[in-house]
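Engineer:
Number of protein chains: 2
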Amino acid sequence: MQTTMMDIPLSLNHILDRAGRLFPRSEIVTRLPDKSLRRHTYAQYYQRTRSLAAALLAAGLKKGDRVATLCWNHHVHLEAYFGIPAAGGVMHTLNLRLAPEDIGWIAAHGEDRFLIIDDILLPLYEQFKHLHAFEKVIVFPYSGEPVAEPFVDYEQWIASASTEGFAYAPHDERDPVSMCYTSGTTGRPKGVAYSHRSTVLHALVCSLPDNIGLSARDVVMPVTPMFHANAWGVPYAALNVGARFVLPGPHLHADDLLDLMQAEKPTMSLGVPTIWLTVIQTYEANPGRWTLPTGMRSIVGGSAVPEALIRAYAKHGIALTQGWGMTETSPLATVSYRTPELLDLPEEQMFARRAMAGVPVPLVEVRIVGDDGECEWNGEDVGEFQVRGPYITGAYHGLAQDPNKFTEDGWLRTGDVASIDPQNFVRISDRTKDLIKSGGEWISSVDLENAIMGHPAVAEAAVIAVPHPRWDERPLACVVVRPGQTVTADELREMLSKQFAKWQVPDAIEFIDAVPRTSTGKFFKAALRERFKHWTWTV
Amino acid sequence: MQTTMMDIPLSLNHILDRAGRLFPRSEIVTRLPDKSLRRHTYAQYYQRTRSLAAALLAAGLKKGDRVATLCWNHHVHLEAYFGIPAAGGVMHTLNLRLAPEDIGWIAAHGEDRFLIIDDILLPLYEQFKHLHAFEKVIVFPYSGEPVAEPFVDYEQWIASASTEGFAYAPHDERDPVSMCYTSGTTGRPKGVAYSHRSTVLHALVCSLPDNIGLSARDVVMPVTPMFHANAWGVPYAALNVGARFVLPGPHLHADDLLDLMQAEKPTMSLGVPTIWLTVIQTYEANPGRWTLPTGMRSIVGGSAVPEALIRAYAKHGIALTQGWGMTETSPLATVSYRTPELLDLPEEQMFARRAMAGVPVPLVEVRIVGDDGECEWNGEDVGEFQVRGPYITGAYHGLAQDPNKFTEDGWLRTGDVASIDPQNFVRISDRTKDLIKSGGEWISSVDLENAIMGHPAVAEAAVIAVPHPRWDERPLACVVVRPGQTVTADELREMLSKQFAKWQVPDAIEFIDAVPRTSTGKFFKAALRERFKHWTWTV
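Each protein sequence line maps, in turn, to chains A and B.
When we follow the numbering used here, the leftmost residue of the first sequence carries the number 166, and every step to the right adds one.
When we follow the numbering used here, the leftmost residue of the second sequence carries the number 166, and every step to the right adds one.
1. Determine the DSSP secondary structure at B/Met491, reduced to helix, strand or coil.
2. Please list the partners that A/Arg553 has in chain B, where partner means a Cβ-to-Cβ separation under 7 Å.
3. Spell out whether any CB of chain B is found under 9 Å from the CB atom of A/Pro288.
4. Quick one: grab the DSSP three-state call for B/Asn238.
5. Between B/Asn106 and chain A, is any beta-carbon pair separated by less than 9 Å?
6. Extract the residue ranges of the beta strand (DSSP E) inside the region 348-413 of chain B, only unbroken runs of 3 or more that lie entirely within it.
7. Under 9 Å between the Cβ atoms of A/Ala365 and A/Leu528?
8. Suppose contacts are defined by Cβ-Cβ distances below 9 Å. Is B/Leu181 in contact with B/His361 by that definition?
9. Cβ closer than 7 Å: which chain A residues qualify as neighbours of B/Asp375?
10. Would you mind listing the alpha helix (DSSP H) stretches within the region 570-639 of chain B that are 4+ residues and don't spill past its ends, in chain order?
11. Any idea which residues DSSP pairs A/Lys301 with across the strands?
12. Alpha carbon to alpha carbon, how far is A/Leu485 from A/Ser463?
13. Since I believe A/Val644 is in contact with A/Phe676 (beta carbons under 8 Å), could you give me their beta-carbon distance rounded to a whole number of angstroms?
14. Taking Cβ positions only, does A/Gln446 come closer than 9 Å to chain B?
15. Name the one or two DSSP bridge partners that B/Gly538 has.
16. Could you name the residues of the same chain whose beta carbon sits closer than 8 Å to that of A/Glu276, not counting the 5 residues immediately before and after it, in chain order?
17. Please tell me whether B/Glu530 has its Cβ less than 9 Å away from any Cβ of chain A.
18. Apart from the five residues just before and just after A/His179, which ones in its own chain have a Cβ nearer than 6 Å to its Cβ?
19. Using the three-state DSSP reduction, which class does A/Gly185 fall into: helix, strand or coil?
20. Per the DSSP calculation, B/Leu641 is bridged to which residue(s)?
21. Measuring CA to CA, which of B/Pro621, B/Val531, B/Val631 is closest to B/Thr651?
22. Please work out which residues of its chain come closer than 8 Å, Cβ to Cβ, to B/Phe293, disregarding the five sequence neighbours upstream and downstream, and give them in chain order.
23. Out of B/Gly460, B/Phe188, B/Pro681, which one is the CA nearest neighbour of A/Phe590?
24. List the endpoints of the continuous beta strand (DSSP E) containing A/Phe550.
25. Report the rounded CA-to-CA distance for B/Arg532 versus B/Gln551, giving the unit in angstroms.
26. Would you mind working out which of B/Ile475, B/Met433, B/Gly254 sits nearest B/Ile445, comparing C-alpha positions?
27. Per DSSP, A/Tyr346 forms a beta bridge with which residues?
28. If we count the other Cβ atoms within 10 Å of its Cβ and call it buried at 16 or more, is A/Asp337 buried or exposed?
29. What whole-angstrom Cβ distance do B/Thr572 and A/Val357 have, given they're in contact under 8 Å?
30. Contact check, A/Gly523 vs A/Trp576 under 8 Å by CB: the rounded distance?
31. Could you name the residues that DSSP lists as bridge partners for B/Glu513?
32. Roughly how many whole angstroms lie between the Cα atoms of A/Pro632 and A/Pro640?
33. With distances taken Cα to Cα, identify the nearest neighbour of B/His274 among A/Ser308, A/Ala224, A/Met166, A/Trp237.
34. 9 Å is my cut-off, CB to CB: does B/His205 come that close to chain A?
35. Taking only beta carbons into account, state which residues of the region 554-572 of chain B come closer than 7 Å to chain A, listed in chain order.
36. For B/Thr459, does the count of other Cβ atoms within 10 angstroms reach 16, so buried, or fall short, so exposed?
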């Protein structure tokens, strides 16, 4: 027998129509290059986004054509999120923090036809334009300066497009809507192409109360760049419920974010741990200058979240929730929350759980695979973390299937090493390559980093493996001390010896000025390994 | 180009695995026929449900075969919800409140192979068994009495099934999982067949914070029968988040529900307005006997919700939220909530909005079609309410497409008459057949009923059309007065004349003992029309 249900495809166009029709007065607040704020209503957004789609069609966009964006977080980038798919195109977000050669290579590999770019990023464009010829470069006059030939002025271009008789490009729900290249640390970047289906499903799942819990009352501030896994998919989810947007533009310094939070009072923000680390440090270093938005929830991901950071925000009534994901997983795959099993757990004990990756969200399956097959969820067995689901990638754009990335039975191999405990919480030990193998035993750099960052005098810490003549590898802790504070290597070792086995405690502790960052704000351990590759053991 | 996302079908089996694996200690509380409570954990539920699936396969169930249920709301019915689809079957919920002839006709039309039935409902089975021969009748010993031949004892049957090596039946996401016949007031009942896809999508949408908002902390009490549009899809959604279930079994009298609420403290309940009407009347007639569960949310639907009822519960800290839907819409299509447009509306003014059907939920499109095509959303233009979406039915099981039910461009014609106001709130005026046409003008019976039920001395009111020699039709108001109170027809007319045009106010007001109910607890106006069909006008 057959279902009697309608066969209606999941579609971003439905979310756009919903936003424009049901929530016309909801606001999108954008910070401009001069730090002033500009406000659009959803009604204006809806009109402008359809104009963008009409302009793309008039420019000859064909179904499946890629349109690149090189933009900060602002309303025009949000217009691209829905306007490009509305015309049948695929939005390809370019990561402005990559080296120019990489940006050019990625644009060429993606065969991007058009580029939408912020005027303030044109100097970057000049550095990679020789690597890929866009048919048309459409410049958003973000700074307010006039746009010069041969560039197309975004504002004039969409204003001249007629939406009369405009109709969304017909599509199947498995047609692609956006593309993002992983900022891989080994090999060339690889492209992930999200579909209408995967994007809508992810938007619904991440809006659920136990996950991000997005509602009409929310004021959403994505600090996570919109070129980084689509700002974790939250723009789609927030538009679907009519939330207010607060988009920080290029102003991501801690004091800029504190100013913005003070003015616009977000209820939900998202960013990597290092952003929140510098924000709380700046806040605490300037007593009385700002008031934090009490009650704000913050989804933090991209790398492990130290328990000390979660506790620091909790003191101000701000709940940091850890999510785990990657570009390939849309990205929300696990989230740390008070599950039914933990309803009676004292809040004090929840902090340790909040520092874990959490439990799989609906639609996502997880498993841990070790040398002997699938591991028990006993909190001890450690193996590769693998995931599967309708919004998880199963291939890379234009590449042959790689057994190092996908298993034969169709799971994504995340490259992370993890265990799952009897309460079903995933604990990421490390990236495979970040584990330290000492005397035949594994040491987790993440556990050591979190413990060291728990010391009140420590601002940041990154632990790497360095070769050792006797033990094969040993951990080296690179520590940044807070301004005006002091701590010695012996004091740190003494603190660590209370939590770790003797052989796990780093013999080598280096005090450095800052931990280098990747383009997405994560600790860039490869740079530290390079710096300390000639480390000489004195013992 | 193509998406790189995995092609993983949406599946109820994923929700079942999730419930069993992630939330093993969550509870399912069932009220037994003797009114005692029985508790199962999700771990036990998971095991029993997979045993049911294994038993069905061992009994020769083939993919797509229908398995009927004739059950109250309890854990075994919940086992059927997931166990039958897990084996590849289709759960066909039979409505125990229908006439035996109708139940038999529906089982025959659905070609149901097996029947799972409560032992306390066997007397009902005896009345329709001559109309359809089930291959196997599996009896749940709900009362604790032994099950006699030729019936199969559910407990022994599933206990004897081995789940070793059990694997879920392979399926496409568009394969059916459950079937429900509409309790149509005209013509034969019609079957709606939900799929894995529609059921999972509905579960996600109804769990969103702005809709039902289901989370790990919830204690869910479905008073709505599980044979009525799958208890509004909430069992699927609640299991997905690990909520605690409180299932009232056959005990749906107001004092039974009040006892159960007092003992188990639900945070979310669902039922038709008439249930909540009798509950609040019973509660208020017995001061001090019960404490209502302050903070509980309640989704109310199935017929219009009087504003007076919403206000009565709000006084006790209980939020009644109106949802609109029908068997054909899975059912949640619209919900009344504080949208972004209404964030600043005083709570006092929200009451009127809460008495409306509300705004469309994600994935659902709505429109109003009048004689001249699609109506404006201006709050004045009235037409037929039509809906479309991936969990809305587009056909009836085994029937040819009927243009009275579906439009040529693929929308469901709901048969309700509605307007949509500039705040995008749907207001159902009436069922097409419940409108009163007086002197060429339409009068809404729903508006009159709600106004009359706002009078403190009125318990219930139903307004019907009766033939009139001069005006074609005129409204007749059938009013039930609260025990110990009095009100006259003149007093009611005087109250109504302040809100309605003179010609809209009913000349005829009859005081009756009770409003007859349909099998699903709605006002059964057809019975009133029959009773008053020979009404004689004295003016």
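Positions of the beta carbon are idealized from the N, C-alpha and C atoms, including for glycine.
On a predicted model such as this, the values are computed, not experimentally measured, just so you know.
Structural biologist: This is what the structure gives:
1. coil
2. Met171, Ile173
3. no
4. strand
5. The first residue shown for chain B is 166 and the last is 704, placing residue 106 of chain B beyond what the model contains.
6. 355-360, 384-387, 409-412
7. The residue you asked about is not Ala; residue 365 of chain A is Val in the sequence shown. In this structure, A/Leu528 does not lie closer than 9 Å to A/Val365 by Cβ.
8. no
9. Ser380, Ala381, Val406
10. 610-618
11. A/Phe279
12. 5 Å
13. 5 Å
14. no
15. B/Gly535
16. Arg231
17. yes
18. none
19. helix
20. B/Ile629, B/Ala673
21. B/Pro621
22. Pro265, Glu266, Ile268, Gly269, Ala272
23. B/Phe188
24. 548-553
25. 5 Å
26. B/Ile475
27. A/Gly356
28. exposed
29. Actually they are not in contact, since the Cβ atoms of B/Thr572 and A/Val357 sit about 39 Å apart, beyond 8 Å.
30. The pair is not a contact, with the Cβ atoms about 19 Å apart (cut-off 8 Å).
31. Its beta-bridge partners do not exist; DSSP assigns none.
32. 9 Å
33. A/Met166
34. no
35. Gly554, Pro555, Tyr556, Ile557, Thr558, Gly559, Ala560, Tyr561, His562
36. exposed
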